[in-house]
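Peer 1: Heads up, the first sequence is in our numbering, so the first residue is -9 and it goes up one at a time.
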Amino acid sequence: MNALALLRERFHPALAALAEDLAAPLQIESLLEMVKPSGEAKFGDYQANFAMPLGATLKQPPREVAARVVEMVDLADVCEPPEVAGPGFINLTLRTDWLIAQLAAATTDERLGIAPAADAKTYVIDYSAPNVAKPMHVGHIRSTVIGDALARTLRFLGHRVIGDNHIGDWGTQFGMIIYGYKNFLDPAAFESSAVTELARLYRLVNTLVDFHKLPGQITAAEENLARLEEQLATAAAEPESSDKKEAQKQAKARRRLESQRDESHAELTALTAKREAVSADEELAAQAAAHPDIGTRVLEETAALHAGDAENLKLWKEFLPPCLEDIERIYSRLDVTFDHTLGESFYHDRLAPVVDDLKTKGIAVESDGAMCVFNEGQDAPMIVQKQDGAFLYATTDLATIEYRAETWQPDAILYVVDHRQSLHFEQLFATVRRWGYDQVELVHVKFGTVLGEDGRPFKTRSGDTVGLDGLLDEAIERAYRVVAENDDAKPDGAEWSEADRRRIAEVVGIAALKYADLSQNRESDYVFSYDKMLAMNGNTATYMQYAYARVRNIFARGSVDVEQLRDDGGALVVAEAAERALALELLRFSEALEETVADYRPNHLTGYLFELANRYSTFYNECPVLKAADEATRRSRLLLCDLTARTLQTGLSLLGINTVEKM
RNA sequence: GCCCCGGUAGCUCAGUUGGAUUAGAGCAGCUGACUUCUAAUCAGCAGGUCGCAGGUUCGAAUCCUGCCCGGGGUGCCA
-9 MNALALLRER FHPALAALAE DLAAPLQIES LLEMVKPSGE AKFGDYQANF
41 AMPLGATLKQ PPREVAARVV EMVDLADVCE PPEVAGPGFI NLTLRTDWLI
91 AQLAAATTDE RLGIAPAADA KTYVIDYSAP NVAKPMHVGH IRSTVIGDAL
141 ARTLRFLGHR VIGDNHIGDW GTQFGMIIYG YKNFLDPAAF ESSAVTELAR
191 LYRLVNTLVD FHKLPGQITA AEENLARLEE QLATAAAEPE SSDKKEAQKQ
241 AKARRRLESQ RDESHAELTA LTAKREAVSA DEELAAQAAA HPDIGTRVLE
291 ETAALHAGDA ENLKLWKEFL PPCLEDIERI YSRLDVTFDH TLGESFYHDR
341 LAPVVDDLKT KGIAVESDGA MCVFNEGQDA PMIVQKQDGA FLYATTDLAT
391 IEYRAETWQP DAILYVVDHR QSLHFEQLFA TVRRWGYDQV ELVHVKFGTV
441 LGEDGRPFKT RSGDTVGLDG LLDEAIERAY RVVAENDDAK PDGAEWSEAD
491 RRRIAEVVGI AALKYADLSQ NRESDYVFSY DKMLAMNGNT ATYMQYAYAR
541 VRNIFARGSV DVEQLRDDGG ALVVAEAAER ALALELLRFS EALEETVADY
591 RPNHLTGYLF ELANRYSTFY NECPVLKAAD EATRRSRLLL CDLTARTLQT
641 GLSLLGINTV EKM
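#1: Return the chain-ordered list of same chain residues with a C-beta closer than 6 Å to the C-beta of Lys590, the five sequence neighbours on each side being excluded.
#2: Could you compute how far the alpha carbon of Ile152 sits from the alpha carbon of Leu583?
#3: Are the CB atoms of Ile208 and Leu258 nearer to each other than 8 Å?
#4: To the nearest angstrom, report how far apart Glu485 and Asp557 are at their CA atoms.
#5: Is Ser133 buried or exposed, if buried means 16 or more other CB atoms sit within 10 Å of its CB?
#6: What distance in whole Å lies between the Cβ atoms of Asn648 and Ala501, which are believed to be in contact at a cut-off of 8 Å?
#7: My output table needs one value for Gln50: the three-state DSSP class, helix, strand or coil.
#8: Considering only residues of the same chain and omitting the five flanking positions on each side of Ser580, which have a CB-CB separation below 6 Å?
#9: Would you kindly work out how many angstroms separate the C-alpha atoms of Leu441 and Leu503, rounded to a whole number?
#10: For Phe309, tell me which candidate among Val615, Leu191 and Asn476 has the shortest Cα-Cα distance.
#11: Please identify the residue among Ala300, Lys376 and Gln163 whose C-alpha is closest to the C-alpha of Val288.
#12: Could you name the residues of the same chain whose beta carbon sits closer than 6 Å to that of Arg570, not counting the 5 residues immediately before and after it, in chain order?
#13: Would you give the residue range spanned by the beta strand (DSSP E) that Thr112 belongs to?
#14: DSSP three-state label for Asp408, please.
#15: Can you list, in chain order, the residues of its chain with a C-beta nearer than 7 Å to that of Gly45? Leave out the 5 residues immediately preceding and following it.
#16: Within 10 angstroms of the Cβ of Gly359, are there 16 or more other Cβ atoms? Answer buried if so, exposed if not.
#17: Can you tell which of Asn196, Arg578, Phe180 and Leu630 has its C-alpha closest to the C-alpha of Ala663?
#18: So what's Val685 in DSSP terms, helix, strand or just coil?
#19: Can you tell me which of the three DSSP states Lys304 falls into?
#20: CB-CB under 8 Å to Leu22, same chain, minus the five flanking residues each way: which ones, in chain order?
#21: Just the Cα atoms here: how many angstroms apart are Asp632 and Val650?
#22: In whole angstroms, what separates the C-alpha of Asn173 from that of Leu305?
#23: Does the region 338 to 351 touch the region 185 to 204, meaning 3 or more C-beta pairs lie closer than 8 Å?
#24: Determine the burial state of Gln399: buried for a count of at least 16 other Cβ atoms within 10 Å of its Cβ, exposed for fewer.
#25: State yes or no: is the C-beta of Thr596 within less than 8 Å of the C-beta of Leu629?
#26: Can you say whether Ala465 is buried or exposed, counting buried as having 16 or more other CB atoms within 10 angstroms of its CB?
#27: Would you decide whether Tyr154 is buried or exposed? Buried here means 16 or more other CB atoms lie within 10 Å of its CB.
#28: Quick one, are the C-beta atoms of Gly460 and Glu334 less than 8 Å apart?
#29: Using 8 Å as the cut-off, can you tell me whether the region 487 to 495 makes contact with the region 526 to 534, which would need three or more C-beta pairs spanning the two stretches below that distance?
#30: Suppose the cutoff is 6 Å on Cβ atoms and the five residues either side in sequence are ignored; what does the same chain contact list for Lys652 look like?
#31: Should the region 115 to 129 be regarded as contacting the region 72 to 87, the criterion being three or more beta carbon pairs within less than 8 Å?
#32: Output the distance between the C-alpha atoms of Glu566 and Leu572, rounded to the nearest integer angstrom.
#33: Measure the beta-carbon distance from Thr386 to Gly129 and round it to whole angstroms, keeping in mind my assumption that it falls under 8 Å.
#34: May I have the straight-line CA-CA distance separating Gly165 from Leu295, to the nearest angstrom?
#35: Starting from Tyr169, trace the alpha helix (DSSP H) in both directions and tell me its first and last residue.
#36: Look at the Cβ atom of Val430, then the Cβ atom of Asp463, and state whether they are nearer than 8 Å.
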């Protein structure tokens, strides 16, 4: 039961009645949105704030308007008599018997009293999308985890969800592997582990390609640095303007130049270090010398693959399965699944027809030899075909939308992708609407960059991106230490086997990693920290898992047959403040889910679960369950415990997070 | 240059799309509570000019304008 939705429903007729007296139509829906949970408990459970703006429209004192609404609205079965307070707030307190009735219904309901969406929609969710030619790294975690959580939540709410992993399986990276295979293969290594050898080949070829680009880049950087130094010298020599504003501008320009200079200097240092690293490695240096044109050769291999070259296609078909197996291994560790994995290669044959169609419809036009789509209000065009005839990812994205629309007729497509691609999606969506797919809702579910604790994009000490496998290992290892420490510290001595500890650490570690990401507002950059992530308190998965385990332990200790308890029903008693606070929070699960899905923000769900676990902890401390004063109280509290456990478990599962019975 | 995002407690962040002269959490700091159903917990204290300046109205962290600071993007990478 969604109490908020019910209250809004109840207010509707009253507002409609007021609207009749009015010439201009009232925005009833937007007024109803002003019914919301109270900010403070002393103002009741919910509050209706529409009397103030309504008073202005009706040209009547808001308090009088509020009083008239209270007179007309029928809430007697749900709420205590509403109170008008302050300038015209209507404060609502749920009747305890009503609250109890809702929760009683939830105890025997598999869905915890949450009705499936009346208007079920079809969603395609595009998430994870790694490049499969190289190992997954920290940059993939957000898309994967957020996308998975949204898929699970929407599905639970009764929508049809199609999870599609749009992998990169057709780009230059495969050209690199093919080139590497033809020139640097270690057959024995390939035999024993194809993925490992392919990853090595990718890294090697990538290093060599980069190496040969270095001289040009270093020259450019040197020139840039020299130019900046010169500009800086000129600026420094300039006399300070007597005009205050002008002087400020000068100072600002100088600061800007200085920071650009520092940046340029750092870049030059990094490039030089890269060159040194290769030169210092005898074997690598020899390989570099033997393959001076490796950059263009790689592009040729890629082009040959795209053109249908038999050998390259054969190699590609051979490489793909182990690459897919490798990412699948990570997904299984993360417990993330997809309904489809349709990568770039799947759309290869559709690209030329897409461009033709855009051309025919006059949407794409030639400009500087490239096929471009110019959209209103965007100064840069979206390029769908390069001068050399090659297609781009914009082209693939268009073909993908066409396929998805034809195949699944979705109401919405969600792209869980880095916010740095915002412009690309603006262009893509604008083009798609002109192209004719204007019924499907296209949403860029954007998220921020994963940063290290220094505020720079998260890298290892040596400057490499952090592999996802290692990240998971580290999270689990740290969780293990915490688990072991807590087990050893038990008053009656450690109670778990090594296998128990490992199993719990796995669940807790992965959960911590996912939760740290999901609990953050997805749009802001996310500072990655193992320490914060695995902190044992605060707004963490561990805290919720612990609350869950404590409930389960009560049932174990008391040898309570939960099934029997639910079936027997029995009256809930909400007497203590902590009991009522917990009961009310349990009822709000449905609101939290709606809020989460409204703009695709899992942090609303994590926030709710934290609040719930918090209230449970207070309840746990203040209200004895097994040793309750009387049998009725004991039964009632057991039911509250059971509902809490199920809500926590369900909520966490919608985030892709598992629970353990003991921890 | 232009476009987008952000600036909230020492640190990391919430803030339900304008609500209650009292802006919330968690870390970190300080006080208390384990012979008790798991202290991976709870109760409490302290900590803020919500970047700055104007404006809009009954009411602004939230909306508008200008400015300051940071990040990202910006015609043939993805």
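Beta carbons: idealized from backbone N, C-alpha and C, even for Gly.
Peer 2: From the atom records:
#1: What sits at residue 590 in the sequence shown is Tyr, not Lys. Only Leu140 and Val435 meet the Cβ criterion.
#2: When the Cα atoms are used, Ile152 and Leu583 turn out to be separated by approximately 19 Å.
#3: In this structure, the beta-carbon distance from Ile208 to Leu258 falls below 8 Å.
#4: In a straight line, the C-alpha of Glu485 is about 33 Å away from that of Asp557.
#5: Buried, since its Cβ has 16 or more Cβ neighbours within 10 Å.
#6: Yes, Ala501 and Asn648 are in contact; Cβ-Cβ is about 7 Å, under 8 Å.
#7: Note: Gln50 maps to coil in three-state DSSP.
#8: Same-chain partners within the cutoff: Asn(-8) and Ile104.
#9: Distance from the CA atom of Leu441 to the CA atom of Leu503, rounded to whole angstroms, is 14 Å.
#10: Closest by alpha carbon: Leu191.
#11: Closest option to Val288, Cα to Cα, is Gln163.
#12: If you ignore the 5 residues before and after Arg570, its C-beta comes within less than 6 Å of the C-beta of Val564, all in its own chain and listed in chain order.
#13: It spans Thr112 to Asp116 - the beta strand (DSSP E) in which Thr112 sits, taken as one unbroken run.
#14: DSSP places Asp408 in strand when its eight states are reduced to three.
#15: So the list reads Pro51, Pro52, Val55 and Gly78, once near-sequence residues are dropped.
#16: By the 10 Å Cβ count, Gly359 comes out exposed.
#17: Since the first and last residues shown for the chain are -9 and 653, residue 663 lies out of range.
#18: Any property of residue 685 remains undetermined from this structure, which presents the chain solely from -9 to 653.
#19: In the three-state reduction of the DSSP assignment, Lys304 falls in the helix class.
#20: When the five nearest sequence neighbours on each side are left out, the beta carbons in the same chain lying within less than 8 Å of the beta carbon of Leu22 are those of Arg(-2), Phe1, His2, Leu5 and Phe40, in order along the chain.
#21: If I take the Cα positions, the gap works out to 15 Å.
#22: Approximately 13 Å, taken between the alpha carbons.
#23: Cβ pair count under 8 Å is below three, so no.
#24: The residue is exposed, with fewer than 16 neighbouring Cβ atoms inside 10 Å.
#25: Thr596 places its beta carbon 8 Å or farther from that of Leu629.
#26: The Cβ neighbour count for Ala465, taken over all protein chains shown within 10 Å, is at least 16; the residue is labelled buried.
#27: Per the sequence shown, residue 154 should be read as Asp rather than Tyr. With 16 or more other Cβ atoms within 10 Å, it is buried.
#28: Going by beta carbons, Gly460 and Glu334 fall outside the 8 Å limit.
#29: Counting Cβ pairs under 8 Å, fewer than three are found: no touch.
#30: Contacts found: Ala539.
#31: As far as the Cβ criterion goes, the region 115 to 129 does not touch the region 72 to 87, which means the pair count is below three.
#32: Looking at the two C-alpha atoms, the distance is approximately 10 Å.
#33: With 8 Å as the limit, Thr386 and Gly129 do not qualify as a contact, their Cβ atoms being about 20 Å apart.
#34: Going from the Cα of Gly165 to the Cα of Leu295 covers about 8 Å.
#35: Unbroken alpha helix (DSSP H) run through Tyr169: Thr162 to Phe174.
#36: No, these two residues do not count as a Cβ contact at 8 Å.
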